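Reviewing the structure listed below.
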Amino acid sequence: MKLRITDSRTESSSFAYLLIVAFISIAYLVVVAQDLEALPISIQKSFIQQQMKNTNGGAFLPVGIKASVQQRALNYMAQQLMPLIQKQLNAPIAVPDVQGEVETPIGHVTYQLSSITLSRLGLSTPSIQVNPQGLGVTISSATAHMNCNWHYRENSWPHISDSGSADADITIAITFNVQVVIQDSTHFNIVLSGFNARFTNFNLSLHGGASWLYNIFLNNFKNSIEQAAQNAINTQVASAVNNVLSNTLSTLNLQIPILSYGVLFDSTLQIVSYTPSTYMTIGTAGRCFIKGQQPYPGQPSYMPNSLGNDVMIEMFVSDYTLNSAGFAFTQAGIFNYLLTQHTLPSAISWMFNTTNLQFFIPALYNKYPNRELQVDFIVPTAPVFTISPKGVEVSLIAQAIFQVILPTGPVNAFALNLNALLDWEVQIVANNLTGSLQYKSANVTLAYSTIGNLDVSLISSIVNLLFQYGIVPIGNILAQRGFPLPTVEGLTLQNPTVSYQTGFIAVRSNFVFVPPSSSSVSKQQ
Numbered sequence: 044m045k046l047r048i049t050d051s052r053t054e055s056s057s058f059a060y061l062l063i064v065a066f067i068s069i070a071y072l073v074v075v076a077q078d079l080e081a082l083p084i085s086i087q088k089s090f091i092q093q094q095m096k097n098t099n100g101g102a103f104l105p106v107g108i109k110a111s112v113q114q115r116a117l118n119y120m121a122q123q124l125m126p127l128i129q130k131q132l133n134a135p136i137a138v139p140d141v142q143g144e145v146e147t148p149i150g151h152v153t154y155q156l157s158s159i160t161l162s163r164l165g166l167s168t169p170s171i172q173v174n175p176q177g178l179g180v181t182i183s184s185a186t187a188h189m190n191c192n193w194h195y196r197e198n199s200w201p202h203i204s205d206s207g208s209a210d211a212d213i214t215i216a217i218t219f220n221v222q223v224v225i226q227d228s229t230h231f232n233i234v235l236s237g238f239n240a241r242f243t244n245f246n247l248s249l250h251g252g253a254s255w256l257y258n259i260f261l262n263n264f265k266n267s268i269e270q271a272a273q274n275a276i277n278t279q280v281a282s283a284v285n286n287v288l289s290n291t292l293s294t295l296n297l298q299i300p301i302l303s304y305g306v307l308f309d310s311t312l313q314i315v316s317y318t319p320s321t322y323m324t325i326g327t328a329g330r331c332f333i334k335g336q337q338p339y340p341g342q343p344s345y346m347p348n349s350l351g352n353d354v355m356i357e358m359f360v361s362d363y364t365l366n367s368a369g370f371a372f373t374q375a376g377i378f379n380y381l382l383t384q385h386t387l388p389s390a391i392s393w394m395f396n397t398t399n400l401q402f403f404i405p406a407l408y409n410k411y412p413n414r415e416l417q418v419d420f421i422v423p424t425a426p427v428f429t430i431s432p433k434g435v436e437v438s439l440i441a442q443a444i445f446q447v448i449l450p451t452g453p454v455n456a457f458a459l460n461l462n463a464l465l466d467w468e469v470q471i472v473a474n475n476l477t478g479s480l481q482y483k484s485a486n487v488t489l490a491y492s493t494i495g496n497l498d499v500s501l502i503s504s505i506v507n508l509l510f511q512y513g514i515v516p517i518g519n520i521l522a523q524r525g526f527p528l529p530t531v532e533g534l535t536l537q538n539p540t541v542s543y544q545t546g547f548i549a550v551r552s553n554f555v556f557v558p559p560s561s562s563s564v565s566k567q568q
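In my numbering, the protein residues as written are 44 to 568.
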């Protein structure tokens with residue numbers, strides 16, 4: 044896939060894009076993704092003078108997943124990205140010519156500075172400070188070397204003039220504020236304000252000219268160069284960061300197809316908030332849905348922004364996210380399954396012949412002796428996920444239709460209504476949120492019978508075996524494949540922990556981030 048970054052005003056710095064890796068990367072949770080051919084991210088970077096209304100609240104869609112990145116984690120990711128950005132800064136920066144007038148010991152002169160170039164631009168590690176309006180970014184000691192030609196001419200007779208060259212080693216302090224602004228339910232903007240590049244050290248070497256020119260250069264020409272250099276530095280850094288971040292973000296998708304059933308996982312950005320000097324929080328839709336069909340109508344439980352500052356990243360998955368998955372999967376018919384002796388383990392294949400069930404269901408054997416069986420397992424309503432400090436419980440309402448296979452085709456013998464309870468134990472495996480289902484119990488009632496009266500208490504033991512050796516193992520094939528956690532390529536969770544809270548699952552972790560090189564990313568596209 045390709046990442047599209049549009050820039051409507053090159054004057055506003057793109058350097059802040061190094062932060063957005065941390066922001067977007069936490070958008071991926073609770074997805075079973077077999078085919079990652081997905082919709083591309085649409086990132087629009089523009090200069091917006093008026094803050095969008097939805098910066099700190101009022102989500103367009105319910106927030107199913109909330110994540111917070113600690114301030115130190117943002118600083119760490121910026122540090123890790125700097126070598127890639129620095130590689131993009133090899134070309135000299137051309138600064139527009141500067142001219143003006145100034146009073147000198149020889150009188151009023153007109154001066155011109157031409158062929159101004161900044162080379163060997165080096166960016167120190169940025170410092171990021173979370174503030175109520177966004178992220179304050181400070182690059183305290185960027186360095187560069189300047190070369191230029193100078194010329195001046197006295198305005199009045201005898202029009203004394205002179206020319207020469209100059210160079211300087213410069214230290215530059217760069218500061219600006221960056222804010223993530225949600226434009227609508229599928230797009231966001233990066234808003235930059237207060238950009239400033241200030242020379243903190245200007246070690247000048249002047250070639251040619253009278254001795255008084257040195258102080259004139261420092262007191263007047265330096266300021267003119269500084270003002271002209273700001274936009275040039277901004278544009279060069281913007282280009283470098285866009286190249287690096289385009290590659291880094293190119294693997295991210297905001298809508299991911301799940302299997303081949305038309306179900307999409309939506310992780311578009313819905314809310315952004317900032318807790319000063321502590322962390323930045325985003326909320327994503329975190330929902331599964333099928334285009335053109337009714338979405339899950341429920342609402343998420345309350346989720347805090349953070350449970351503490353002892354880890355770099357916290358990701359909270361609400362019961363809304365799990366229930367939207369169950370709702371969409373039910374619409375797609377994923378939970379409906381035909382159980383046969385060929386689809387279940389050989390250890391229970393005996394259950395699929397009426398002769399072997401004559402003790403449990405004598406009426407079935409009497410009417411259909413020595414016949415093969417199959418069970419049509421149907422889930423008419425979405426399962427309900429309930430998250431509590433004890434864990435995740437799944438309530439499943441289903442119907443099991445026992446069918447006898449005759450030469451003319453299968454016929455319904457009887458059907459059971461099932462109200463089953465299962466537990467889902469969450470685990471973290473290789474940056475994936477995985478888990479395993481465990482069968483607890485099922486309330487079994489008779490829906491109908493074409494073979495006469497049945498003793499449901501005897502059949503319940505058959506149902507337990509079907510769940511333990513059939514339904515649960517099939518469900519675990521799906522669950523153990525894992526749900527991708529919010530990562531970009533090169534990010535690996537370290538010592539993640541999972542805890543169950545009221546209404547949400549908390550995944551808290553540190554991480555290491557080794558950004559891929561531009562070449563390795565491009566080969567994958």
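For glycine and all other residues, C-beta sits at the position ideal for the given N, C-alpha and C.
Only a predicted model underlies this, so the values are computations on that prediction, with no experimental measurement involved.
Between residue i and residue j, what straight-line distance do the alpha-carbon atoms span, to the nearest angstrom?
i	j	result
Q279	V427	53 angstroms
S85	Y304	Per-residue confidence for S85 stands at a pLDDT of 32, beneath the threshold of 50, marking its modelled position as unreliable; the derived number appears in the next sentence. Using only the alpha carbons, I get a separation of about 25 angstroms.
I203	A211	26 angstroms
L593	N462	Outside the modelled stretch of the chain, which goes from 44 to 568, sits residue 593, for which no answer is possible.
Y363	V221	31 angstroms
V106	Q226	16 angstroms
Y154	S267	11 angstroms
K334	N348	30 angstroms
Y195	V152	6 angstroms
N396	L459	18 angstroms
N198	N258	20 angstroms
V315	T383	50 angstroms
N399	V499	17 angstroms
A116	V180	14 angstroms
T186	L166	7 angstroms
M394	F457	15 angstroms
V550	P539	7 angstroms
G369	T429	12 angstroms
S236	L256	36 angstroms
T98	S504	No answer about T98 holds up, because its pLDDT of 35 lies below 50 and its placement is not dependable.
N263	I276	20 angstroms
N118	F245	28 angstroms
A110	A425	27 angstroms
N353	Q176	Correcting the residue type first, residue 353 is Asp in the shown sequence and not Asn. The straight-line gap from Cα to Cα measures roughly 24 angstroms.
Y482	L178	47 angstroms
T218	A121	15 angstroms
F332	Q342	14 angstroms
L312	S158	45 angstroms
Q241	P169	In the sequence under discussion, the amino acid at residue 241 is Arg, which differs from the Gln named in the question. Near 15 angstroms, if we compare the C-alpha coordinates of P169 and R241.
Pop quiz: residue i and residue j are said to be a contact at Cβ under 8 angstroms. What is the actual Cβ separation, rounded to whole angstroms?
i	j	result
D140	L161	About 14 angstroms separates the two Cβ atoms, so there is no contact after all.
N192	S183	Wrong, their Cβ atoms sit about 30 angstroms apart, outside the cutoff.
A443	V418	5 angstroms
T535	F510	Not quite, the Cβ-Cβ distance comes to about 36 angstroms (not below 8 angstroms), so this is no contact.
I136	F359	Not a contact, Cβ separation roughly 44 angstroms.
L416	S438	Not quite, the Cβ-Cβ distance comes to about 27 angstroms (not below 8 angstroms), so this is no contact.
A390	V306	Wrong, their Cβ atoms sit about 32 angstroms apart, outside the cutoff.
V487	V506	5 angstroms
Please decide whether residue i counts as near chain B, where near means a Cβ-Cβ distance under 8 angstroms.
i	result
S204	Any reference to chain B falls outside this structure, which holds one protein chain only.
Given residue i, which residues of its chain have a CB within under 6 angstroms of its CB, disregarding the five upstream and five downstream residues?
i	result
M323	V112, V173 and Y317
T243	T214 and A216
S248	D210
S560	none
R414	T397 and V447
G100	With a pLDDT of 44 at G100, under the threshold of 50, the predicted position of this residue should be treated as unreliable, though the coordinate-derived value follows. Excluding positions up to five away in sequence, the list is empty.
Q92	The predicted position of Q92 is uncertain, since its pLDDT is 27 and thus under 50; a value taken from the coordinates is nonetheless stated next. Correct list: empty, nothing qualifies.
Residues in its own chain within less than 8 angstroms of residue i by CB, not counting five upstream and five downstream?
i	result
N519	S479 and L480
H188	L161, S162, R163, D210, A211, D212 and I213
Q123	F556, V557 and P558
S344	S361, D362, Y363, I430, T545, G546 and F547
Q537	S552, N553, F554 and V555
By Cβ distance below 7 angstroms, which residues in the same chain neighbour residue i in space, the five residues on each side in sequence not counted?
i	result
H250	G207, S208 and A209
P432	Y543, Q544 and T545
N455	I444, Q446 and T493
Taking 7 angstroms as the line, does the beta carbon of residue i fall inside it for any heavy atom of the ligand ATP?
i	result
V557	Ligands are entirely absent from the displayed structure, and the ligand ATP is therefore not among its contents.
Is the segment 378-385 touching the segment 333-346 in the sense that three or more CB pairs, one from each, lie closer than 8 angstroms?
Touching, no, given that fewer than three Cβ pairs across the two stretches are closer than 8 angstroms.
Scan the segment 445-486 and note each continuous beta strand (DSSP E) run of 3 residues or more that stays entirely inside, going in chain order.
Contiguous beta strand (DSSP E) elements confined to the segment 445-486 occur at 452-472, taking only those with 3 or more residues.
Fully enclosed by the segment 92-153, which beta strand (DSSP E) runs are 3 residues long or longer?
Fully enclosed beta strand (DSSP E) runs of 3 or longer: 108-113, 136-138 and 141-147.
Please give me, in chain order, every unbroken run of the beta strand (DSSP E) with length at least 3 that falls completely inside the segment 140-216.
Scanning the segment 140-216 from its first residue to its last, the whole beta strand (DSSP E) runs of 3-plus residues come out as 141-147, 150-165, 170-174 and 177-197.
Continuous beta strand (DSSP E) assignments of at least 3 residues falling wholly in the segment 378-454:
Counting only unbroken stretches of 3 or more residues, the beta strand (DSSP E) elements lying wholly within the segment 378-454 are 380-382, 416-421, 427-431 and 434-449, in sequence order.
For the segment 495-502 against the segment 397-414, are there 3 or more C-beta pairs whose distance is under 8 angstroms?
Touching, per the Cβ criterion.
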